[in-house]
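Protein chains in written order, with our numbering: chain A, 917 to 1144; chain B, 3 to 241. All C-beta atoms, glycine included, are put in the ideal place defined by N, C-alpha and C. Below you'll find the structure, written out as C-alpha cells, and then a few comments.
Given below as C-alpha cells:
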C-alpha cells in the first residue's frame, strides 16, 4: 500500500507528492498531509530507510550554532563589532571573543577590526529571536587580510566542501591556495593571483552544477587543464 | 443574445497559451516569469532579509511583503500612470494574502521576504498571472512553503461560464459580464483568493468554482515543470 512516488536524487518542488501511505516519514523539508508525504521546499530527494528528506537547492543562509562562517565588519559598538552574516540577521562579536589581547578601556577598536574587514568566526549562540553571538577565537579564525572573497549560494556549500572535504582539498592541492569556506556561502581564497582566479572559477563551476553527479571528476579535469 | 463563440475563438474552458520559467533574474534570491496570453508577469523575491523601518518587524514570525506594479507602457488601452495607485495597493494586499496561506514564516522572526511583481504587458488576468509568477519565484528562492499557489480568472460572459477572460471579454458590452479571479492551493483544493466583479447566478458561481479547481491544476503542472526545467540544463553530462 505504501508507495514511493519519487526517485532518489530527483528534483522536487513545494507541494509535490513524495510518498503515499503511512509507511514513510517526512524528514527535513517535507511534511505529511493526510495520506501523503509532500515536499515543502525546492530540492533534491534523499531517502534513508523510511524517512524522506529534501536537500535544498536554493535559499539564503540560516544561521546555526557551531557553524564556521566568514562575515564582514559593518559597525563598531561600545563592546565589540557588528558582523554581517550574509543572512537576514547580523551578529555581534564581543570584545572578549574578538581578540586574545587585553583591550584597555576606551581603546580604539579599529586597531583589531576595521569596518569592511572580513573575519572568519564561529557562531557561539543563536537565540529564538535570532540574536547571534560569534567568536573569532580558535584555529584558523580571525581577520582575513590579503586574498579574495568569492560569494556562492549557501545551499551549495556542502557540495563545494565535498564528502570529508574531498572537493575543497582537490582545489587546494591543484592551485596551491589557502581556501576557507564559510557555511554562509562566503569563501576566502589566498595564493598566487593567477591560481586564485582558477580556484574561483572552479568554485563557480561547482556552484553551477551542484545538483549533478560526477562533479569531482569534472572538477579534477578542469583543474588539470587550467594548471599546467 | 447568447455568447456562443468566444471573441478569440477559444473553447469556453480553454486557457490562453502559458509560458512559465524560473530563475530568470540573476541578482534576486529567486525569480519567476509567467505569461498567459498577452498578460505577462515577472516576479522577483529578495530575502529573508532585515526589515526596516523597525516598527514593521514582527518578533514572532517573518513578514511577507508583496508589491504589484503595472509598467507604464504595459496596458492594452491607454498609458498607465507610473507608480502606485489605489488599485495596485489593493492587488498587492490580496496577492500577499493569497500567498501567505501556504508559507511557513515562523523561522524568520523580525525578517521580511519581499516579492516584487512587475507586469510588462497586460491583457486582463494580471493579478492571477502575478500570483502564479510569485509562487514560482518564492519556491525558487528556497523558501519553505506547503504548495505552489496557482491562480486563474473564471468569468461569465453573457450567461456562458468561461475560463481566463481577456480584456475584450471583460469589456464585452452586449450582455452581462462577471469576472472572478481565483487562487487555489492545489494540494488541498482550498481557495486563497476570490474577488468578484459583475453579476452571476448561484449555479454559475458553483460552476465557475469547479472550473477554477480544474484549471488551477493545469497551471500548477506548468509551474512545477518550470521549476524543474531550471535544473535540467547540463543533466546530460551527469554520469
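| query | result |
| --- | --- |
| Nearest residue (CA-CA) to residue 73 (chain B), options B:232, B:83, B:180 | B:83 |
| Cα-Cα separation, residue 986 (chain A) to residue 924 (chain A) | 33 angstroms |
| Straight-line Cα distance separating residue 87 (chain B) from residue 862 (chain A) | There is no way to answer for residue 862 (chain A), as the model of chain A reaches only from 917 to 1144. |
| Extent of the continuous beta strand (DSSP E) run through residue 993 (chain A) | 984-993 |
| Test: residue 57 (chain B) CB closer than 8 angstroms to a CB of chain A | no |
| N- and C-terminal bounds of the beta strand (DSSP E) containing residue 68 (chain B) | 65-72 |
| Heavy atom of the ligand MN within 7 angstroms of residue 59 (chain B) beta-carbon | For the ligand MN, the structure offers nothing, since it holds no ligand at all. |
| Identity of the residues DSSP links to residue 952 (chain A) by a beta bridge | A:936, A:949 |
| Span of the beta strand (DSSP E) around residue 38 (chain B) | 32-38 |
| At least 3 beta-carbon pairs within less than 8 angstroms: the region 110-122 of chain B vs the region 58-76 of chain B | yes |
| Beta-carbon proximity of residue 150 (chain B) to residue 98 (chain B), cut-off 8 angstroms | no |
| Under 8 angstroms (Cβ pairs) to chain A, residues found in the region 141-152 of chain B | 141, 142, 143, 144, 145, 146, 147, 148, 149, 150 |
| Short CB-CB distance (under 8 angstroms) between residue 947 (chain A) and chain B | yes |
| Cβ contact (3+ pairs, closer than 8 angstroms) linking the region 962-979 of chain A and the region 1014-1028 of chain A | no |
| Residue interval of the beta strand (DSSP E) (run including residue 1041 (chain A)) | 1034-1042 |
| Range of the contiguous alpha helix (DSSP H) that encloses residue 216 (chain B) | 204-231 |
| Pairwise C-alpha distance: residue 1063 (chain A) and residue 1073 (chain A) | 19 angstroms |
| Under 8 angstroms between C-beta atoms of residue 1001 (chain A) and residue 1069 (chain A) | no |
| Residue closest to residue 1144 (chain A), alpha-carbon to alpha-carbon, out of A:1131, A:1130, A:1114, A:1128 | A:1114 |
| For residue 184 (chain B): DSSP bridge partner residues | B:154, B:196 |
| Proximal residues of chain A, C-beta to C-beta of residue 1 (chain B) below 9 angstroms | Because residue 1 (chain B) is not part of the residues shown, which for chain B are 3 to 241, the question remains open. |
| Closer than 8 angstroms to chain A by CB, residue 28 (chain B) | no |
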